[in-house]
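Per our numbering, the sequence shown starts with residue -16, numbered consecutively.
For every residue, glycine included, the Cβ atom is placed at its ideal position computed from N, Cα and C.
Below: one structure, written as structure tokens.
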Amino acid sequence: MEGVRYMNWSRFSFDFRLQLPGMMPVLVRIEGRKEAAMSLLLPSEWKEQLDVLNRIRTVHGSTALEGNPLSESQIAEFLGGKAGLDPEGREFRQILNADTAQNWVRERFGPRRPPLRVRDILHMHEVMTRLSDEADNVPGGLRTHGVQVGTMELGGIHLGAPHEDLPRLMHEFVEFVNSRGLRSQHPVVRALLAHFFLVTIHPFGDGNGRVSRLVEAAILYEGGYNVNGFYGLSNYFYRNGNEYKRRLQECRRTQPFDLAPFVEFGLRGFEAELRGINSFIKTKLNRLVYRDTLTRALGVRVSERRHLLNPREFALLDYLLADTEPTDPFSDSASTQIRLADLVKSPYVRGAYRDVTPRTFIREISRLAELGFITLQDDPDSGHQLVSIDFGAIEIDFDEVA
């Protein structure tokens, strides 16, 4: 039937083809972004925030791909110990298991640690599916039945390896992952290849995707790609879930496997995720320096009676700096936009400008735009005027202004 593809396990091997003419430039950019993030000396508070955000994103992405309905904010509240959330509920138990497994990977893997072993994978599965209510799953045990996954709409049906072959295939998988040939690959490529082959074998009754993505994350961690905290591709795979599943199935169409579609997809995602890390750091630095710029501007005298910023203007910019912080901390944009009409009605502006006329507020906000501290932009769709922080103010030469 069109779209249905069953694996021919009698022909299976760990041989593969990988021809990606454009792979080297992507790997160069990945290395550049990694080094840019790792070379900066960051405050411990920023590092901890990055670590927590990545930890939550990875847990959310990997479990959401398996149907867990909890949002990132709900996961953050649960892992943060918010009272009233039921740790025994199936969804929350899955989150707790995934987080526990991540923490174990951090302790077990890293540079100069022993290589991946079969018992490591079994332990990951035991933790990931602990107290699982799946009837055909034994936490930490290989399945003893056949399994098939996938849909016709997402590339077809995939048949997991025959259960009687699983002990042999798992040992061969670990030998393959630790082989000289695979270790000669870039760590990100090696992690993606391990992910593909393990999820293709599908050795467990449940949790195959979660364990395969965790093995991928372990190899990244082993290779030094723990960019300011635990790191994985699960969130990217979740955000592009249909393409993720199609790429996996596309690579299974021929043997030896042509893995270019999945590896290209993963590399593109890894670069995007690292770009998000760089954006997080850049936004933090820009906001820190911008606030220092405001403090300096407050002390710059431009006339006998006037400083570059008066205290009310300084306070307004400080408020805007906090109010326009991106909701997505990994966004390329360092400042969100707010409608001028909403700003005028905000409790802050009403309080700060209660003793002056509305014209005073308009005059001061216009002056701040002229000085380059903010941007005022017309939205052609809504007709509203939008306000955002202009981080170009960091480069203002106060000697020239004075």
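Sub-8 Å separation of residue i and residue j beta-carbons
i	j	result
Phe344	Ala280	no
Leu277	Phe297	yes
Arg0	Leu242	yes
Tyr204	Val88	yes
Asn218	Gly366	no
Ala144	His185	yes
Thr41	Gln77	no
Val198	His178	yes
Pro312	Leu23	no
Leu48	Gly192	yes
Arg113	Asn80	yes
Tyr208	Val171	yes
Leu137	Arg236	no
Asn269	Ala317	yes
Leu326	Val370	yes
Reduced DSSP secondary structure (H/G/I, E/B, other) of residue i
i	result
Glu(-15)	Its pLDDT being 47, under 50, Glu(-15) is placed unreliably in this model, and the coordinates cannot settle the point.
Phe187	coil
His169	coil
Thr310	coil
Leu268	helix
Asp338	coil
Leu53	coil
His108	helix
Thr343	helix
Thr127	coil
Ile377	helix
Asp116	coil
Ser349	helix
Val121	coil
Phe263	helix
Tyr208	coil
Per DSSP, the bridge partner or partners of residue i
i	result
Arg322	Leu369
Phe(-1)	Phe240
Ile140	Gly133
His290	Arg284
Leu359	Val370
Closer than 7 Å: residue i CB and nearest the ligand GDP heavy atom
i	result
Val327	Absence of the ligand GDP is noted for the structure shown, with no ligands found whatsoever.
Beta-carbon contacts of residue i that lie in its chain and below 6 Å, excluding the five residues immediately before and after
i	result
Val349	Here residue 349 is Ser; the residue named in the question, Val, does not match the sequence. No residues qualify anywhere along the chain.
Phe187	His108 and Arg126
Glu347	Glu296
Asp315	Ser262
Sequence-distant residues of the same chain with beta carbon closer than 7 Å to residue i, five excluded per side
i	result
Trp29	Lys267
Arg258	Arg16
Met(-16)	Confidence is the limiting factor: at Met(-16) the pLDDT is only 44, short of 50, which leaves the residue's position unreliable and the question unanswerable from this model.
Gln2	Ala243
Neighbourhood of residue i by C-beta, 8 Å cutoff - its chain only, sequence neighbours within 5 removed
i	result
Pro52	Glu74
Ala200	Thr41, Gln85, Val88, Ala174, Phe213, Tyr214, Gly215, Leu216 and Ser217
Glu117	Gly188 and Asp189
Asp393	No answer is possible for residue 393: it lies beyond the span of the chain, which begins at -16 and ends at 385.
Gly375	Gly355
Evaluate contact between the stretch 1 to 15 and the stretch 246 to 255, counting only Cβ atoms and requiring at least three cross-stretch pairs below 8 Å. Of all C-beta pairs linking the stretch 1 to 15 to the stretch 246 to 255, three or more are shorter than 8 Å, placing the two stretches in contact.
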